[in-house]
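Each remark here refers to the structure printed beneath this line.
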Amino acid sequence: MEPAVTISPQRTKTERRRNWKTLVVEQRYLLLMLLPALLWAIFFCYLPMAGLYMAFVNYQPSLGGFWTKLFQSEFVGMDWFQYFFRNGDFYKIMRNTIASTMLTLVISFPVPILIAIALNEVRGALFKKTVQTVSYLPHFISWVIAANIIVTMLSSGGIVNDILKWLNLTDTSILFLQEGRYFWWIVALGNTWKEMGYNSIIFLAAISSINLELFEAAKVDGADRFQQIRYITLPHLKPTIVILLILALGGVLNAGFDQHYLLGNGLNQDFSDVLSTYSFRYGLQNSMFSYASAVGLFNSVVAFLMVVLVNYASKKLNDQSLF
Numbered sequence: 011m012e013p014a015v016t017i018s019p020q021r022t023k024t025e026r027r028r029n030w031k032t033l034v035v036e037q038r039y040l041l042l043m044l045l046p047a048l049l050w051a052i053f054f055c056y057l058p059m060a061g062l063y064m065a066f067v068n069y070q071p072s073l074g075g076f077w078t079k080l081f082q083s084e085f086v087g088m089d090w091f092q093y094f095f096r097n098g099d100f101y102k103i104m105r106n107t108i109a110s111t112m113l114t115l116v117i118s119f120p121v122p123i124l125i126a127i128a129l130n131e132v133r134g135a136l137f138k139k140t141v142q143t144v145s146y147l148p149h150f151i152s153w154v155i156a157a158n159i160i161v162t163m164l165s166s167g168g169i170v171n172d173i174l175k176w177l178n179l180t181d182t183s184i185l186f187l188q189e190g191r192y193f194w195w196i197v198a199l200g201n202t203w204k205e206m207g208y209n210s211i212i213f214l215a216a217i218s219s220i221n222l223e224l225f226e227a228a229k230v231d232g233a234d235r236f237q238q239i240r241y242i243t244l245p246h247l248k249p250t251i252v253i254l255l256i257l258a259l260g261g262v263l264n265a266g267f268d269q270h271y272l273l274g275n276g277l278n279q280d281f282s283d284v285l286s287t288y289s290f291r292y293g294l295q296n297s298m299f300s301y302a303s304a305v306g307l308f309n310s311v312v313a314f315l316m317v318v319l320v321n322y323a324s325k326k327l328n329d330q331s332l333f
């Protein structure tokens, strides 16, 4: 019987270090290309996180250096967070944020999947390219322009009221943006219209990676197009759907600043005011910078916890996870 070979920990550590050095040398050009993105992330994403200290102090802006004033400010601990939770606005803001986000998710998440599957079934190349181009365009329009389009369409003399009157669904014009009960639906449908074509690119890419022999075998077995979608396309899209759903649920408190700020007004503020617009109003308009920082930090912490929890649940239930 041959004696067992014993590898010393020092030798293993030396070989591991040598492998790392070899990997760095072999991929030095790729690492060099990665350097600008790494520096950008450090300077614009991580270093500014030092400013989160503002949420725990009573920061008062005045002439002088920002960092000096920040670290010399009175430390108040969790006072700003307690003020936010006890504030009468907390429940209204959380209700608006969660309702608007979840309604947008329910409507906008499945639509790109349906578009990708439908485009994959289209055989006419010209029609397919035309639909793709038209559906992608709204993504490249800023929310300033998109909001003006939506406001014009929903105005008393807009096309939506004209269609409703033509169908005899209403006799008078509906003032959609002046009644809060319509606001969440307007934002959800606006988000869906703006992003559905662009988001479908990911699902189209996932569909294109499916082995065509699976579809040919299904045809031989007598499967029609709907059966091929159900038993081949959708199961292969499942990993992509799960990953994107985890990321979407992680942003459950990120209802979107642009659309709520541009479509909101004094008449629908009870439904349009979300965490992002609330922190903007108190931070920049009311100069309560520490309070706005506390609200923003609360948003980020909840988003992080949501990603971790949803990822854990997905890993346990479906064996699909982001990390």
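Counted from 1, the sequence shown has number 221 at position 211 by my numbering; the numbering is strictly sequential. Virtual Cβ for every residue (Gly too), placed ideally from N, Cα, C.
As an exercise, report each continuous alpha helix (DSSP H) stretch of at least 4 residues that is fully enclosed by the region 195-264, in chain order. 222-230, 235-238, 244-260
Residues in the same chain with beta-carbon distance under 8 Å from Trp273, minus the five sequence neighbours each way, listed in chain order, please. It is worth fixing the name first, because residue 273 is Leu in this sequence and not Trp. Once the five neighbours on either side are set aside, the close Cβ partners of Leu273 are Ala157, Ile160, Val161, Leu187, Phe193, Ile196, Val197, Gly200, Ser282.
DSSP has Glu393 in a bridge; who is on the other side? Residue 393 lies beyond the residue range present for the chain, which begins at 11 and ends at 333; the question has no answer from this structure.
Every unbroken alpha helix (DSSP H) within the region 75-152, with a cutoff of 4 residues, ordered by chain: 76-82, 89-96, 99-118, 120-131, 135-146
Where do the ends of the alpha helix (DSSP H) carrying Gln269 lie? 267-273
Three Cβ pairs or more, each shorter than 8 Å: is that satisfied between the region 80-90 and the region 63-72? Taking one beta carbon from each stretch, the region 80-90 and the region 63-72 have 3 or more pairs nearer than 8 Å; the two touch.
Measuring CA to CA, which of Asn106, Leu259, Leu80, Leu129 is closest to Tyr318? Here residue 318 is Val; the residue named in the question, Tyr, does not match the sequence. Nearest option by C-alpha distance: Leu259.
Thinking C-alpha only, which one of Tyr301, Leu263, Asp268 is nearest Ser2? In the structure as shown, the chain starts at 11 and stops at 333, and residue 2 therefore has no counterpart that could be examined.
For a test of the three-state rule: what should DSSP assign to Ile184, helix, strand or coil? coil
Outcome for Gly266 when other beta-carbon atoms lying within 10 angstroms are tallied against a minimum of 16: buried
Starting from Ser303 and walking both ways along the alpha helix (DSSP H), at which residues does that stretch end? 299-328
Which of helix, strand or coil does DSSP assign to Trp30? The answer is helix: DSSP assigns Trp30 an H, G or I state.
Under three-state DSSP, which class holds Asp283? DSSP places Asp283 in coil when its eight states are reduced to three.
Please name the residue, chosen from Leu42, Ile103, Leu113, Phe333, that lies closest to Phe290 on a Cα-to-Cα basis. Ile103
Is it buried or exposed, Gln269, if we count other Cβ atoms within 10 angstroms and call 16 or more buried? buried
Between which two residues does the alpha helix (DSSP H) holding Ala47 run? Where Ala47 is concerned, the enclosing alpha helix (DSSP H) stretches over 38-51.
By DSSP, does Asn278 sit in helix, in strand, or in coil? coil
Span of the alpha helix (DSSP H) holding Leu62? Element bounds for Leu62: n/a, residue is neither H nor E.
Could you check which residue in Asp99, Ile242, Met64 has the C-alpha nearest to that of Tyr301? Closest by C-alpha distance to Tyr301, out of Asp99, Ile242, Met64, is Met64.
Check whether the Cβ atoms of Ile242 and Leu224 sit closer than 8 Å, and answer yes or no. yes
Hey, quick one: how far does the alpha helix (DSSP H) through Asn296 stretch, first residue to last? That residue, Asn296, is in no alpha helix (DSSP H); it is neither H nor E in DSSP.
Counted within 10 angstroms of its Cβ, other Cβ atoms place Asn221 as buried (16 or more) or exposed: exposed
Given 8 Å, three or more beta-carbon pairs between the region 233-247 and the region 122-138: yes
Environment of Lys248 [buried if 16+ CB atoms lie within 10 Å]: exposed
Less than 8 Å between the CB atoms is what I'm expecting for Tyr288 and Val305, so what's the real figure, rounded? Between Val305 and Tyr288 the Cβ distance is about 6 Å, and since that is below 8 Å, they are a contact.
Spatial distance of Phe308 from Trp90 (CA atoms): 11 Å
If you follow the alpha helix (DSSP H) that Leu174 is in, where does it begin and where does it stop? 169-176
Quick check: what's the CA-CA separation for Val141 versus Phe150? 16 Å
Determine the DSSP secondary structure at Leu164, reduced to helix, strand or coil. helix
Using 8 Å for Cβ pairs, my map puts Gly207 next to Ser118. What's the rounded Cβ distance? Not really, about 11 Å apart at Cβ, beyond 8 Å.
Beta-carbon contacts of Lys138 that lie in its chain and below 7 Å, excluding the five residues immediately before and after: Leu129, Val132
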